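What follows is a set of notes on a single structure, which appears directly below.
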Amino acid sequence: MSSRKRKLPILLFDIMDTIVRDPFYHDIPAFFGMSMEELLECKHPAAWIEFEKGLISEMELARTFFKDGRPIDMEGKFKSF
């Protein structure tokens with residue numbers, strides 16, 4: 534009987550920016566020149582989450598990110614996140 538080593542998948546959990554840094558909490562408010570509190574007040578409550586889940590496109594995010602509909606420069610620096 535031969536013994537074969539089976540490769541098991543590895544599952545990593547990233548808690549509190551340990552492995553991957555989330556730009557939302559640091560870079561996004563700075564990009565817009567706002568505090569996190571100001572950003573949370575004026576952004577659409579679900580647009581970023583829907584974008585991260587792949588439910589909306591970049592163009593849809595650009596149109597819906599702010600509640601008041603102000604434009605986002607998706608081709609500029611914002612896209613670098």
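Read the sequence shown against our numbering and you will find it ends at 614, with the numbers running on by one and no gaps. Even glycine gets a Cβ: it sits at the ideal position worked out from N, Cα and C. Predicted model, so just to flag it, every value in this text is computed and none were measured.
Distance CB(residue i)-CB(residue j) smaller than 7 Å
i: K576; j: F557; result: no
i: D595; j: I605; result: One detail in the question is off: residue 595 reads as Ala in this sequence, not Asp. It is a contact, given that the beta carbons lie within the stated cut-off.
i: M607; j: E585; result: no
Close-in-space but distant-in-sequence residues of the same chain around residue i (CB under 6 Å, 5 per side omitted)
i: D547; result: V553
i: M569; result: P562
Closest by C-alpha distance to residue i, when choosing among the options
i: R603; options: F565, K540, M569; result: F565
i: E593; options: D601, A580, K586; result: A580
i: P578; options: A563, K586, T597; result: T597
Separation of residue j from residue i, as counted between CA atoms
i: L573; j: T551; result: 23 Å
i: I589; j: R537; result: 44 Å
Same chain only: Cβ atoms within 8 Å of residue i, ignoring 5 sequence neighbours per side
i: H559; result: none
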